[in-house]
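J.: Shown below is the structure under consideration.
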Amino acid sequence: MTVTVFTHTSCSSSRKTIDWLREQKIPFIEKKLTDQGLSFGEFKEMLSLTENGTTDLLSVQKSVYKQAAEKLDEMSIRELYSFVASNPQILKSPIVFDHHRIQVGFSEKEIRTFIPRNDRIAELKRLLHNA
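According to the numbering used here, the residues represented by the sequence shown are 3 to 133, in order.
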């Protein structure tokens, strides 16, 4: 299965994620948020995979978030998507997902869940055998 990675161009965590996926030979599609954005379907799917909804996806430190914070809670999903599509810098990055799981930011421990299960089992067996 192909992984989709939403990135910001100047984000070091995005670069680490792309490098890690290449090293692991995991097929991925990179979408630069400021150039390509994301579709309404992708946005809804991301939200459905988060534990905390928009809190997991939106960067509360961004000035655009602070200016709209009170309005965000009152927006419909379509209005929220339109706001995010117009202000892609508000999204945290990288956002990695594959229709079953999502990871926001880079964590070498957590991103391992995107390694196919059979490969993870083989790696564990190798490690146990060499121990």
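Ideal Cβ placement from N, Cα and C applies to all residues, glycine included.
Note that the structure is a prediction, hence the values are computed from the model and not measured.
(1) Short of 8 Å in beta carbon distance, which residues of its chain neighbour N54, apart from the five on each side in sequence? Order them along the chain.
(2) Is D58 closer than 8 Å to V106 when the C-beta atoms are compared?
(3) Please report the straight-line C-alpha distance between S15 and S78, rounded to a whole angstrom.
(4) Tell me the DSSP secondary structure of F8 in three-state form.
(5) When you compare only the Cα positions, how much space is there between H131 and E125?
(6) Could you tell me which residues DSSP puts in a beta bridge with F99?
(7) Please state the DSSP three-state secondary structure of K94.
(8) Give the secondary structure of L60 by DSSP, where H, G and I count as helix, E and B as strand, and everything else as coil.
(9) Leaving aside the five residues before and after L49 along the sequence, list all residues of the same chain whose C-beta is less than 8 Å from its C-beta, in chain order.
(10) Which term fits F153, buried or exposed, when burial requires 16 or more other beta carbons within 10 angstroms of its beta carbon?
(11) CB-CB under 7 Å to A87, same chain, minus the five flanking residues each way: which ones, in chain order?
(12) Ordered along the chain, which non-local residues of its own chain (more than five positions away) have a Cβ less than 7 Å from that of L51?
(13) Can you give me the start and stop residues for the beta strand (DSSP E) that F30 sits inside?
T.: On the basis of the coordinates in this document:
(1) Looking up residue 54 in the sequence shown gives position 52. Cβ neighbours of N54 beyond the five flanking positions: none.
(2) Here residue 106 corresponds to residue number 104 of the sequence shown, with the count starting at 1. Here residue 58 corresponds to residue number 56 of the sequence shown, with the count starting at 1. Closer than 8 Å, so yes.
(3) Here the question's residue 15 lines up with position 13 in the sequence shown. Here the question's residue 78 lines up with position 76 in the sequence shown. The alpha-carbon atoms of S15 and S78 are separated by roughly 30 Å.
(4) What you label residue 8 is simply residue 6 of the sequence shown in a count that begins at 1. The answer is strand: DSSP assigns F8 an E or B state.
(5) As a working mapping, residue 131 is identified with position 129 in the sequence shown. As a working mapping, residue 125 is identified with position 123 in the sequence shown. Rounded to whole angstroms, H131 to E125 spans 10 Å at the Cα level.
(6) On the sequence shown, residue 99 is found 97 positions in, with the first residue counted as 1. Answer is T6, I104, bridged to F99.
(7) On the sequence shown, position 92 is the one that residue 94 refers to. K94 falls in the coil class under three-state DSSP.
(8) As a first step, residue 60 must be located in the sequence shown, where it is residue number 58. Strand, per DSSP.
(9) Within the sequence shown, residue 49 is the residue found at index 47, counting from 1. Excluding residues within five positions, the ones whose Cβ falls inside 8 Å are G55, T56, L59, I79.
(10) Outside the shown range of the chain (3 to 133) lies residue 153, about which nothing can therefore be said.
(11) Translated into positions along the sequence shown, residue 87 becomes position 85. These residues qualify, in order along the chain: G39.
(12) Against the sequence shown, residue 51 aligns to sequence position 49. Within the same chain, L51 has close Cβ partners F99, R103, I104.
(13) Counting from one through the sequence shown, the residue named residue 30 turns up at place 28. That run of the beta strand (DSSP E) goes 30-34.
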